Amino acid sequence: SGRDAFPRPLAGRRVLVTSGPTHEPIDPVRYLANRSSGRQGHAIAQAAAEAGALVTLVSGPVAIPNPPGVTVVRVETAREMLAAVEAALPAVLAVFAAAVADWRPAEAKGAKIKKDGAAPPPLTLAENPDILATVSGMAQGRPGLVVGFAAETNDVIAHAQQKLARKGCDLIVANDVSAEGGVMGGTRNTVHLVGRDGAIETWPTLDKDEVARRLVERFAGMIVL
Ligand code: CTP
Ligand code: CA
Numbered sequence: 195s196g197r198d199a200f201p202r203p204l205a206g207r208r209v210l211v212t213s214g215p216t217h218e219p220i221d222p223v224r225y226l227a228n229r230s231s232g233r234q235g236h237a238i239a240q241a242a243a244e245a246g247a248l249v250t251l252v253s254g255p256v257a258i259p260n261p262p263g264v265t266v267v268r269v270e271t272a273r274e275m276l277a278a279v280e281a282a283l284p285a286v287l288a289v290f291a292a293a294v295a296d297w298r299p300a301e302a303k304g305a306k307i308k309k310d311g312a313a314p315p316p317l318t319l320a321e322n323p324d325i326l327a328t329v330s331g332m333a334q335g336r337p338g339l340v341v342g343f344a345a346e347t348n349d350v351i352a353h354a355q356q357k358l359a360r361k362g363c364d365l366i367v368a369n370d371v372s373a374e375g376g377v378m379g380g381t382r383n384t385v386h387l388v389g390r391d392g393a394i395e396t397w398p399t400l401d402k403d404e405v406a407r408r409l410v411e412r413f414a415g416m417i418v419l
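Going by UniProt numbering, 199 is the number at position 5 of the sequence shown; the sequence numbering is gapless.
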């Protein structure tokens with residue numbers, strides 16, 4: 195309303211955000227993971243809450259605090275993340291910022307694998323479910339706006355465009371995560387918005403919190419309420 199200092203464009207709307215890495219167990223003491231800090235996803239969840247949304251944040255294991263005003267569901271593996279996402283729907287907006295492990299050990303051993311003097315144990319991998327593609331393809335109850343991320347080390351835009359087409363989401367937020375950029379674990383981010391219509395927008399390098407606020411404003415404008 196006109197009396198509010200800040201507009202709350204998502205007031206009362208349900209929003210789902212995934213964030214962080216997943217951990218895929220090898221045995222009870224070891225896992226496969228990646229360098230995602232969860233900063234960008236958590237910042238988006240917080241910005242959506244500040245815009246008035248009822249936010250569920252499905253987060254993998256991260257070292258950062260829960261954002262205020264957000265319902266946080268903690269998971270470990272990709273398969274747990276998919277189940278938590280399905281349980282958190284419906285939502286008008288779903289943002290998939292998590293760095294989901296693409297593969298998991300095909301078999302998680304029930305007991306610690308011992309170094310028994312023989313050759314190193316082989317690690318056979320199985321493919322994890324694609325959470326973004328699953329939600330994008332929902333025949334019923336698909337969120338009106340489904341946003342994916344694309345973390346790339348090269349050919350960022352081309353890879354993002356291919357991802358958008360392959361996964362069937364509405365928008366991809368692409369960023370360069372090659373080591374030089376320091377995005378993984380860092381506090382700043384340079385993003386490119388890749389739309390279904392082929393439109394590409396490159397934003398200046400900004401704090402992840404500021405990227406989050408601007409993204410939420412953009413998403414709110416795209417949602418048909
Ligand atoms: N994603 C997902 N579930 C997966 C893998 C990815 O939901 N099992 C989502 C991510 O959260 C992100 C988008 O899909 O929003 C793109 O993730 P990315 O890892 O960049 O794409 P992949 O299809 O896994 O391709 P690759 O890792 O080979 O680049
Ligand atoms: Ca991947």
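Yeah, the Cβ is synthetic: ideal placement off N, Cα and C, and Gly gets one too.
Everything numeric in this text was worked out from a predicted model, so none of it was measured.
query: Any heavy atom of ligand 2 closer than 7 Å to the Cβ of residue 221?
result: Checking the Cβ of residue 221 against ligand 2 gives no.
Residue 172 to residue 341 span [Cα, whole Å]: The first residue shown for the chain is 195 and the last is 419, placing residue 172 beyond what the model contains.
message: Nearer than 7 Å: is that true of the beta carbon of residue 326 relative to any heavy atom of ligand 1?
response: Within the cutoff, so yes.
- request: Kindly list the residues whose CB is nearer than 7 Å to the CB of residue 382, restricted to its own chain and excluding five residues on each side of it in sequence; keep chain order.
  value: Excluding residues within five positions, the ones whose Cβ falls inside 7 Å are 399, 400, 401 and 402.
- request: Classify residue 334 as buried or exposed, calling it buried when 16 or more other Cβ atoms lie within 10 Å of its own Cβ.
  value: It counts as exposed.
message: Restricting to runs no shorter than 3 residues, where is the beta strand (DSSP E) found entirely within the stretch 295 to 330?
response: Scanning the stretch 295 to 330 from its first residue to its last, the whole beta strand (DSSP E) runs of 3-plus residues come out as 297 to 299 and 319 to 321.
- prompt: Given a threshold of 16 other Cβ atoms within 10 Å of its Cβ, counted over all protein chains shown, does residue 269 qualify as buried or as exposed?
  reply: Sixteen is the threshold: when 16 or more other Cβ atoms of the shown chains lie within 10 Å of the Cβ of residue 269, as they do, the residue is buried.
message: Quick check: the Cα distance between residue 195 and residue 203, rounded to an integer number of angstroms?
response: Residue confidence for residue 195 is low, a pLDDT of 47 falling below 50, so the modelled location carries little weight and cannot support an answer.
message: Given this structure, state the Cα-to-Cα distance separating residue 246 from residue 236, to the nearest angstrom.
response: Cα to Cα, residue 246 sits roughly 16 Å from residue 236.
- prompt: Taking the C-alpha atoms as reference points, what is the distance between residue 418 and residue 293?
  reply: Whole-angstrom Cα-Cα distance: 28 Å.
- prompt: Can you name the residues that DSSP bridges to residue 350?
  reply: Bridge partners of residue 350: none, in fact.
Under the three-state DSSP convention, the category residue 204 falls into: Three-state result, residue 204: coil.
field: Status (buried if at least 16 other CB within 10 Å, exposed otherwise) for residue 369
entry: Its Cβ being crowded by 16 or more others within 10 Å, residue 369 is buried.
message: By the three-class DSSP mapping on this structure, what secondary structure does residue 421 have?
response: In this structure the chain extends from 195 to 419, so residue 421 is not present and cannot be described.
message: Using only the alpha-carbon positions, how far apart do residue 287 and residue 238 sit?
response: Their backbone Cα atoms lie some 12 Å apart in a straight line.
field: Proximity winner among 367, 347, 267 and 302, relative to residue 222 (alpha-carbon distances)
entry: For residue 222, the closest C-alpha among the options 367, 347, 267 and 302 is that of 302.
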